[in-house]
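Colleague: Let me give you the structure first, and then I'll get to my questions.
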């Protein structure tokens, strides 16, 4: 078929014969047709509903919470982080009780502040607690790196030390995500 040639009438009649006629559904009109201004206002109200400050804040907080949960789930699904969590959660860590111990040490130092010899003993206790936590974290890191090399050879360790240290210093009940392993479980 050429570009400027006459159209073939037979092709036209075939197309009209094969297409079944479509019945037109008669709808009953519910009211007057809205003006363009009213229709646009209704569309805008559907897309961006008018909310009070309280409703908007609640909606924004919910969307932020949902987005944070998705980001945390994506971040925490990393195999290195999963193994780190299991290593930290598999046994009692001194870091879990370090904050209450340090607060107790601080309160004691305030109470015995007038007596210099007792204050020195309290400060020595403070430094011993910090040193014990650092030794515990070092042991945890060495255990983790040994397991990581066995299970995921060549896996990058960047950021995992701080992740493990932060997890060690949290009280077990408040850790997010919640521990998957019990204390004493073999990893």
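Numbering (full-length UniProt numbering), first residue to last: 1 to 187.
Where a beta carbon is used, it is the ideal one built from N, C-alpha and C, also for glycine.
Using the beta-carbon count (16 or more within 10 Å), is residue 40 buried or exposed?
Modeller: exposed
Colleague: One question on the structure: do residue 80 and residue 168 come within less than 9 angstroms of each other, judged by their Cβ atoms?
Modeller: No, they are not a contact pair.
Colleague: Measuring CB to CB, does residue 59 end up less than 9 angstroms from residue 72?
Modeller: Cβ distance not < 9 angstroms, so residue 59 and residue 72 don't count as in contact.
Colleague: Rank 102, 69, 91, 83 by C-alpha distance to the C-alpha of residue 160 and give the top, closest one.
Modeller: Out of 102, 69, 91, 83, 83 has the C-alpha closest to the C-alpha of residue 160.
Colleague: So, are the CB atoms of residue 101 and residue 129 less than 9 angstroms apart?
Modeller: yes
Colleague: Contact check, residue 132 vs residue 105 under 8 angstroms by CB: the rounded distance?
Modeller: Not confirmed; about 12 angstroms, so no contact.
Colleague: Going along the chain, which residues of its own chain have a beta-carbon closer than 7 angstroms to the beta-carbon of residue 171, five neighbours each way excluded?
Modeller: 96
Colleague: Report back the beta-carbon spacing between residue 180 and residue 86 to the nearest angstrom; my notes put them in contact at under 8 angstroms.
Modeller: Rounded to whole angstroms, the Cβ separation of residue 180 and residue 86 is 6 angstroms, and the two are in contact under 8 angstroms.
Colleague: Could you tell me the distance, in whole angstroms, from the CA atom of residue 154 to the CA atom of residue 62?
Modeller: 39 angstroms
Colleague: Please list the terminal residues of the continuous alpha helix (DSSP H) segment that includes residue 208.
Modeller: Nothing can be reported for residue 208: it is not among the residues displayed for the chain, which extend from 1 to 187.
Colleague: Measuring CB to CB, does residue 91 end up less than 9 angstroms from residue 184?
Modeller: yes
Colleague: Rounded to whole angstroms, what is the Cα-Cα separation between residue 141 and residue 116?
Modeller: 38 angstroms
Colleague: Among 177, 187, 186, which residue has its Cα nearest to the Cα of residue 74?
Modeller: 177
Colleague: Helix, strand or coil for residue 170, going by three-state DSSP, please let me know.
Modeller: coil
Colleague: Whole-angstrom Cβ separation of residue 113 and residue 107, contact assumed at under 8 angstroms?
Modeller: Not really, about 11 angstroms apart at Cβ, beyond 8 angstroms.
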